[in-house]
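Residue numbers (my numbering): 163 to 389.
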């Protein structure tokens with residue numbers, strides 16, 4: 163076979179190293195071998211960058227504009243239809259705040275229970291005032307409506323009754339907290355005792371005596387109102 167030559171090329175970088183060897187016995191192979199060697203390039207490996215929450219600047223932490231909602235499973239007593247937040251068994255409750263830039267807000271809650279033949283809808287409007295980390299909700303109008311169940315489901319049927327609710331002015335301690343595990347900001351309200359508007363405190367103990375409202379999303383859809 164005659165004499166042969168060996169070319170050994172070693173490449174390293176980003177904590178790795180490898181070598182390529184070529185053995186040939188004719189100069190005719192040299193251009194192809196050199197072209198192959200030149201084509202070898204190390205690429206920086208992809209890294210799973212540590213996820214960090216969005217900026218928690220003062221502007222971001224203080225802004226509550228938009229719609230925030232929460233949901234809870236449970237069941238109210240069959241004879242306690244006036245309390246849309248009495249949680250006691252199977253069904254669900256949803257509540258949401260919408261805070262507008264002009265200092266007004268709206269609140270809506272829906273309560274569906276398997277053992278109750280009505281769906282309860284609370285609609286409330288008013289104003290809010292932020293002072294540091296405290297927000298005062300000052301309702302101006304609040305009503306509770308009872309609706310029939312369409313086909314026995316949680317879809318709105320026909321309006322059965324409407325009555326005014328007692329206006330509940332409450333000052334909450336509030337904060338915006340980032341849950342890194344699910345990568346979602348929550349608007350957290352805290353108070354000394356449960357309210358008729360928000361219902362029982364959440365079972366989440368990250369904050370004591372608290373309710374957690376998340377931005378509207380595919381997993382936290384807006385409450386569909388009767389048409």
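Here a beta-carbon is modelled for each residue, glycine too, at the ideal position from N, C-alpha and C.
Item, Value
"Given this structure, state the Cα-to-Cα distance separating residue 330 from residue 301, to the nearest angstrom.", "7 Å"
"Helix, strand or coil, according to DSSP, for residue 288 in the structure here?", "strand"
"Could you give the distance in angstroms between the alpha-carbon of residue 118 and the alpha-carbon of residue 290?", "Because residue 118 is not part of the residues shown, which for the chain are 163 to 389, the question remains open."
"Please report how far the alpha carbon of residue 292 lies from the alpha carbon of residue 314, in whole angstroms.", "42 Å"
"Residues in its own chain within less than 6 Å of residue 235 by CB, not counting five upstream and five downstream?", "254"
"Taking the beta strand (DSSP E) that residue 226 belongs to, which residues open and close that run?", "No beta strand (DSSP E) contains residue 226, which DSSP labels as neither H nor E."
"Can you tell me the Cα-Cα spacing of residue 282 and residue 341, whole angstroms?", "31 Å"
"Relative to the C-alpha of residue 323, which residue among 309, 286, 353 and 349 is closest?", "309"
"In whole angstroms, what separates the C-alpha of residue 343 from that of residue 185?", "54 Å"
"Excluding five sequence neighbours on each side, which residues of the same chain lie with their C-beta closer than 6 Å to the C-beta of residue 299?", "290 and 332"
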